[in-house]
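Undergrad: In our numbering, the protein residues as written are 12 to 150.
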């Protein structure tokens, strides 16, 4: 997906690791060092499992070309210090998502609305239900 303000490609890092201080810093500092500009950042901690999750959308801050392999190799060195599991994808990548639903329509309706308006950048190859109640909504 392209940055809304320009034609510069954007990328997304998603990561999780054991919760500890410095996790936001290690990712954001690395991006700054690579001349990247953060468009959007979201993070949270699952206190039950004591795991930290982060999602950052970014773009290059200059006209430099982006070498995804080199970027990944360098980031992996930082991620290992935090036992971080991570992935890097272009922001226009569409995950395939199967939706599972039962009798109530509010969640399915919300997901399909966001999909149809482009707020969810996904592919929906199937909707699975244990009841026929929402067949019309799923069509």
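Each residue gets a CB set at the ideal place from its N, CA and C atoms; glycine is no exception.
So, using beta-carbon positions, are residue 101 and residue 22 closer together than 7 Å?
TA: As a working note, residue 101 is residue 90 in the chain shown. As a working note, residue 22 is residue 11 in the chain shown. Contact: yes.
Undergrad: Sort out for me which residues DSSP pairs residue 29 with in a bridge.
TA: On the chain shown, residue 29 is found 18 positions in, with the first residue counted as 1. Partner(s): 62.
Undergrad: How long is the line joining the alpha carbons of residue 170 and residue 36, rounded to whole angstroms?
TA: With the chain running from 12 to 150 in the structure shown, residue 170 is simply not present.
Undergrad: Please classify residue 83: does DSSP put it in a helix, a strand, or coil?
TA: In the chain shown, residue 83 corresponds to position 72, counting from 1. Reduced to three states, the DSSP call for residue 83 is helix.
Undergrad: Would you mind reading off the limits of the beta strand (DSSP E) that contains residue 137?
TA: If you number the chain shown from 1, residue 137 lands on position 126. Counting along the chain, the beta strand (DSSP E) containing residue 137 begins and ends at 133–140.
Undergrad: What are the residues that DSSP puts in a beta bridge with residue 68?
TA: On the chain shown, position 57 is the one that residue 68 refers to. Its beta-bridge partners are 23, 51.
Undergrad: Which of helix, strand or coil does DSSP assign to residue 147?
TA: As a working mapping, residue 147 is identified with position 136 in the chain shown. Three-state result, residue 147: helix.
Undergrad: So, is residue 28 buried or exposed, given that buried needs 16 or more other C-beta atoms within 10 angstroms?
TA: On the chain shown, position 17 is the one that residue 28 refers to. Label assigned to residue 28: buried.
Undergrad: If distances are taken between C-alpha atoms only, which option among 51, 63, 45, 62 comes closest to residue 74?
TA: As a position in the chain shown, residue 74 is number 63, starting the count at 1. The shortest Cα separation from residue 74 among 51, 63, 45, 62 belongs to 45.
Undergrad: When the Cα atoms are used, what is the spatial distance from residue 99 to residue 120?
TA: Translated into the one-based positions of the chain shown, residue 99 becomes position 88. Translated into the one-based positions of the chain shown, residue 120 becomes position 109. Distance between the alpha carbons of residue 99 and residue 120: 30 Å.
Undergrad: Below 8 Å, how does it come out for the segment 103–111 and the segment 51–58: are there three or more Cβ pairs, yes or no?
TA: They do not touch, by the three-pair rule.
Undergrad: Residue 113 and residue 141 - do their beta-carbons sit closer together than 7 Å?
TA: Against the chain shown, residue 141 aligns to sequence position 130. Against the chain shown, residue 113 aligns to sequence position 102. Cβ atoms of residue 141 and residue 113: closer than 7 Å.
Undergrad: Among 79, 30, 88, which has the Cα closest to the Cα of residue 65?
TA: For the purposes of this step, residue 65 is taken as the residue at position 54 of the chain shown. The option with the nearest alpha carbon to residue 65 is 30.
Undergrad: Rounded to whole angstroms, what's the CA-CA distance from residue 71 to residue 42? Just pull it up for me.
TA: For the purposes of this step, residue 71 is taken as residue 60 along the chain shown, with counting starting at 1. For the purposes of this step, residue 42 is taken as residue 31 along the chain shown, with counting starting at 1. Answer to the nearest angstrom: the Cα atoms are 9 Å apart.
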